[in-house]
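Presented below is the structure to which this report refers.
2 protein chains.
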Amino acid sequence: LEAGDAPALAQLLEGMHPADIADLLEQLDPEDRRELLRMWGSELEGEVLSELDEGLREEVIAALSPEALGEAVRELETDDVVDLVEDLEEEQREEILAALPADDRAAVEQSLAYPEGTAGRLMQREFVSVPEHWTVGDAIDYLRAAEELPEDFYHVILVDPRMRPTGYVPLGRILANRRDVPLKDLRDESFRTIHVLQDVEDVAYVFNHYHLISAPVVDDDGRLTGVVTIDDAMAVLDEEAEEDILRLAGVGDESLSDRISEIAKARFVWLFVNLLTAILASLVIDYFSEAIEAAVALAVLMPIMASMGGNAGTQSMTVAVRALATRDLTMSNAWRVIQREVAVGALNGAAFGLIMAVVAGVWFGMPMLPVVVASAMVLTLVSAALGGILIPLALDRLGVDPALASGPFVTTVTDLVSFGAFLGLASWILL
Amino acid sequence: LEAGDAPALAQLLEGMHPADIADLLEQLDPEDRRELLRMWGSELEGEVLSELDEGLREEVIAALSPEALGEAVRELETDDVVDLVEDLEEEQREEILAALPADDRAAVEQSLAYPEGTAGRLMQREFVSVPEHWTVGDAIDYLRAAEELPEDFYHVILVDPRMRPTGYVPLGRILANRRDVPLKDLRDESFRTIHVLQDVEDVAYVFNHYHLISAPVVDDDGRLTGVVTIDDAMAVLDEEAEEDILRLAGVGDESLSDRISEIAKARFVWLFVNLLTAILASLVIDYFSEAIEAAVALAVLMPIMASMGGNAGTQSMTVAVRALATRDLTMSNAWRVIQREVAVGALNGAAFGLIMAVVAGVWFGMPMLPVVVASAMVLTLVSAALGGILIPLALDRLGVDPALASGPFVTTVTDLVSFGAFLGLASWILL
């Protein structure tokens, strides 16, 4: 296929959805990708650029001729252009903005003036608004006469004379009613506006929570400035969950097309933090080295304690981090959730304490070892539960993303407690 | 507030969105919840039931009188009723179905006949379809005359005489065109149908990937049987990401309103699997107990190796699990991704090997210890990378959810390699 047959290639790509072409570009290795862009880049649609992984956009944009790029970009809606250029370097951004018609360019620049991560960046400028006193007939006539309508719109927004939205009417209701019915009577009760500076994560939450399809965006004076649609909200929700998963595992915003050196560097940071907490835990072990010299069984068993503590802590922490993100965990039920976690930790601590007491007794046959193992297990799992819930809550209160920072703190707590409790009890009771 | 003032309570809840009432019910403690339902249950809307956590639905439904329940359920669309009853016990399900009008009941039962997790369960039966040869005017007249329309619809679906969908027209285009324009000319190119037995995760992927708003569902004969809308697809996408996060952490489908014993039991299973892998690792340590007796520094340092291996493995594994879920990782680029992971593991292995060699040298001053530490670190991080990518890939091939099962396998690999390599090299070189 990549054997230089340009017409065959063009024909093949012609019928493909832009999202699939973007996937294809992501999956090709860098050489094939350059080759494909060289042969076919001039026909690349703007939507393919929107669909591409952020890491690859720069590379692909650089590979396109200025004419091909300009043509591709002019097809896009303003919110897609904003999304496309916001992470680009100054030079490429300028190149793209210069290719736009003057009014689109102004709209994009206005959106870019809002801070990153706000509704102002997410919204599209294309929307349909009509005076609130119009009837169904007025709206139909207006829409039929309109020269350019947004590609997708689901509501007609009603505005007062000062362009402040006062409600919206789903298109289905306009179609289902007679021409003389006032639009006011068809307003949908789901209507709610979004402030232009609202955080995109809040916007996504509101869409998901109230099952919105689109929502008008207003500025400080309450005037209509744009519309956020559900597909954009869905993308934010998706990214947010993705981000949480990767952050919990200590991986940054990496994607499969990133360079090896970048990935190694990003993961290094997390592993380095982990190294520091591990060394801290080793200092505890070192402190009890006499006990280990006296009974090597302790060295054999202690990684089990640490592993159980780490896993139990991760369970509590993950539940807490997600419940905070979905707003199921709030200050009003935090106390109840903390009690619940401690109860779960105590229950499982008792269960595993019993199991491990039997295992240790059979394995090493030292008289008091089972007592040490069981008590240390209870202490470890209870403090893992406490750390797993309190640390995300505290970070959230401090305004730090709990998904990003909880891990190392929780690990530190579970390591210190598991090694400390086990070896401490052992030197006290056994020696 | 909960001091028995029923009218004040009713007034307060009156103005609230069903999703917010459901949240309130979830956050109350069980006693207050029962009290609230006793005082106000008769006015509870069906949508509140839909919005409730699955764990709580049974409890709330049991607390409602049959009349209140019947009234609540009759307000819902068929897909919401299906979602509501599919996880209920036989008895409660019967009670709800009995409260529905005959035709709705038949539609719900038909949907329930499809296997769980398929488009048939997700779709709503309410849709708007018209003959493909109609014009804009025909469609408007039909919609105006229709007695009952779906609450939300975004397209008019075109069907052939055998009820097979051949395209769809966005409502905005119907509104924007003259009465004599044939609907055929306004068809949207995003049109694609979904088979009634298609997996809901695939459906969500298709919606997200192709930016669909709604899609017709067809049976084996290609006949239109329902419609899936974006809000349902969004909910599936959200649940799926949530599920992955929780599964990766070894937590099942738990929610904050579950009972303590249930949570403890679910988490116990995962911790038990982890205990077995930890004991396996301890057997390796036990095998080298002579080395530890000879140099207690080994016992102090070995948890560091295990911790670094575990974390690096989790990083690779999480990236692989998510890339599989989002279909960025496929058999066609797997080889490239594996090479990449190994390269990242080798780079970070070298970096941390160097750091730890210095730390171990300064700390314990044993001549060959730094060499042992550095070599073991490289081996550990490379095998963590390999395990982190190969295990999810293998599980995916075997049809097992990689999010659910990868963790214990990856931990086993990293534990065995880190303890084995470190202690093995130590007894070979040092003793």
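Taken in order, these protein sequences are the chains called A and B.
In the working numbering, each residue carries its 1-based index in the first sequence increased by 77.
In the working numbering, each residue carries its 1-based index in the second sequence increased by 77.
Glycine included, each C-beta is placed from N, C-alpha and C at the ideal position.
Please identify the residue among the options whose C-alpha is closest to the C-alpha of residue i.
i        : options                                   : result
B:Glu278 : B:Phe441, B:Gly197, B:Ala503 and B:Gln187 : B:Gly197
B:Glu228 : B:Val304, B:His288, B:Asp330 and B:Asp276 : B:Val304
B:Ile415 : B:Ala471, B:His286 and B:Val280           : B:Ala471
A:Thr306 : A:Leu325, A:Val459 and A:Val283           : A:Val283
B:Leu274 : B:Arg255, B:Val487, B:Leu507 and B:Leu189 : B:Leu189
B:Ser267 : B:Ala292, B:Val258 and B:Glu316           : B:Ala292
A:Leu463 : A:Met445, A:Gly426 and A:Val449           : A:Gly426
A:Val449 : A:Arg413, A:Ala423, A:Phe496 and A:Glu320 : A:Phe496
A:Tyr364 : A:Trp211, A:Arg417 and A:Ala498           : A:Ala498
B:Ile506 : B:Ile251, B:Phe486 and B:Ala451           : B:Ala451
B:Gln104 : B:Glu135, B:Ser334 and B:Gly249           : B:Ser334
B:Ala503 : B:Ala372, B:Glu163, B:Pro95 and B:Leu431  : B:Ala372
A:Ala343 : A:Gly329, A:Thr395, A:Pro247 and A:Glu209 : A:Gly329
A:Glu163 : A:Glu148, A:Ala139, A:Glu135 and A:Ala176 : A:Glu135
A:Val295 : A:Gly118, A:Val236 and A:Pro447           : A:Val236
A:Glu148 : A:Glu122, A:Trp211 and A:Thr195           : A:Glu122
B:Glu370 : B:Leu500, B:Arg250 and B:Ala434           : B:Leu500
Over the uninterrupted alpha helix (DSSP H) stretch that includes residue i, give me the two end residues.
i        : result
B:Tyr287 : Val277 to Tyr287
B:Ala389 : Ala374 to Ala402
A:Thr270 : Segment: none, A:Thr270 is in no alpha helix (DSSP H) and carries neither H nor E.
A:Ser409 : Careful: A:Ser409 lies outside any alpha helix (DSSP H) and carries neither H nor E.
A:Glu101 : The question names Glu, but residue 101 of chain A is Leu in the sequence shown. Residues Pro95 to Gln104.
B:Ile466 : Leu446 to Arg474
B:Gly118 : Looking at the DSSP string, B:Gly118 is not in any alpha helix (DSSP H), and its letter there is neither H nor E.
Would you decide whether residue i is buried or exposed? Buried here means 16 or more other CB atoms lie within 10 Å of its CB.
i        : result
B:Pro469 : buried
A:Trp347 : buried
A:Pro242 : buried
B:Gln88  : exposed
B:Met454 : buried
B:Met445 : exposed
A:Asp309 : buried
A:Arg399 : buried
B:Ala389 : buried
A:Glu418 : buried
B:Arg255 : exposed
A:His232 : buried
B:Ala179 : exposed
A:Pro479 : buried
A:Gly92  : exposed
A:Leu508 : exposed
B:Ala355 : buried
B:Leu353 : exposed
B:Arg269 : exposed
A:Val477 : exposed
B:Leu177 : buried
B:His288 : buried
B:Val205 : buried
A:Ala85  : exposed
For the beta strand (DSSP E) that contains residue i, what are its first and last residues?
i        : result
B:Tyr364 : It is not in any beta strand (DSSP E) - B:Tyr364 instead sits in the alpha helix (DSSP H) that spans Ile337 to Tyr364.
A:Thr243 : Pro242 to Pro247
B:Leu481 : Element bounds for B:Leu481: not the beta strand (DSSP E) but the alpha helix (DSSP H), Pro479 to Ile506.
A:Ala292 : Ser291 to Val295
*Is the region 299–314 of chain A in contact with the region 365–380 of chain B, if contact means three or more CB pairs nearer than 8 Å?*
Touching, no.
_chain B contacts made by the region 239–254 of chain A, where a contact means CB separation under 8 Å_ = Across the region 239–254 of chain A, CB contacts with chain B closer than 8 Å involve Pro247, Leu248, Gly249, Ile251, Leu252, Ala253 and Asn254, in sequence order along the chain.
*Please list the residues of the region 271–305 of chain B that have a C-beta atom closer than 9 Å to any C-beta atom in chain A, keeping them in chain order.*
Residues passing the 9 Å Cβ filter: Phe284, Asn285, His286, Tyr287, His288, Leu289 and Ile290.
*Taking a cut of 9 Å between CB atoms, which residues from the region 360–381 of chain B lie near chain A?*
Against chain A - using a Cβ distance shorter than 9 Å - the residues of the region 360–381 of chain B are Leu360, Ile362, Asp363, Ser366, Glu367, Ile369, Glu370, Val373, Ala374, Leu375, Ala376, Val377, Leu378, Met379, Pro380 and Ile381.
*At a cut of 8 Å, does the region 126–146 of chain A reach the region 169–182 of chain A through at least three beta carbon pairs?*
Yes: the two stretches touch, three or more of their Cβ pairs being nearer than 8 Å.
_Contact between the region 156–163 of chain B and the region 198–214 of chain B is defined here as three or more beta-carbon pairs at a separation below 8 Å; is this criterion met?_
Flag = yes, the region 156–163 of chain B and the region 198–214 of chain B touch.
*Interface residues of the region 124–138 of chain A facing chain B [CB-CB below 7 Å]*: From the region 124–138 of chain A, no residue has a Cβ closer than 7 Å to chain B.
*If we count Cβ pairs, one from each stretch, closer than 8 Å, do we get three or more for the region 335–342 of chain B versus the region 473–485 of chain B?*
A contact is defined here as three or more CB-CB pairs under 8 Å, and the region 335–342 of chain B fails this definition with respect to the region 473–485 of chain B.
_Does the region 123–135 of chain A come into contact with the region 87–106 of chain A, if we say contact requires no fewer than three beta-carbon pairs (one atom in each stretch) closer than 8 Å?_
At 8 Å Cβ cutoff, the stretches touch.
*Residues of the region 416–434 of chain A whose Cβ lies closer than 8 Å to any Cβ of chain B, in chain order*: For the region 416–434 of chain A, residues whose beta-carbon sits nearer than 8 Å to a beta-carbon of chain B comprise Arg417, Ala420, Val421, Leu424, Asn425, Ala428, Phe429, Ile432 and Met433.
*asked:* Whether or not the region 313–322 of chain B and the region 313–330 of chain A are in contact is what I'm after, with contact meaning three or more pairs of Cβ atoms, one per stretch, closer than 8 Å; do they touch?
replied: Three or more beta-carbon pairs separated by less than 8 Å link the region 313–330 of chain A to the region 313–322 of chain B, which places the two stretches in contact.
*Could you list the residues in the region 433–457 of chain A with a C-beta less than 9 Å from some C-beta on chain B, going in chain order?*
Here the close residues are Met433, Val436 and Trp440.
*asked:* Within 8 Å, do at least three Cβ pairs link the region 479–493 of chain B to the region 430–447 of chain B?
replied: Touching, no.
*Near-chain B residues of the region 321–339 of chain A - C-beta to any C-beta below 8 Å*: Per Cβ criterion, the list reads Asp321, Ile322, Leu323, Leu325, Ala326, Gly327, Val328, Glu331, Ser332, Leu333, Ile337 and Ser338.
*When Cβ atoms are compared, which residues of the region 102–116 of chain B fall closer than 9 Å to chain A?*
Cβ contacts with chain A: Glu103, Gln104, Leu105 and Asp106.
*Residues of the region 345–356 of chain B with a CB closer than 9 Å to any CB of chain C: list them in chain order, please.*
Chain labels in this structure do not include chain C; the protein chains are A and B.
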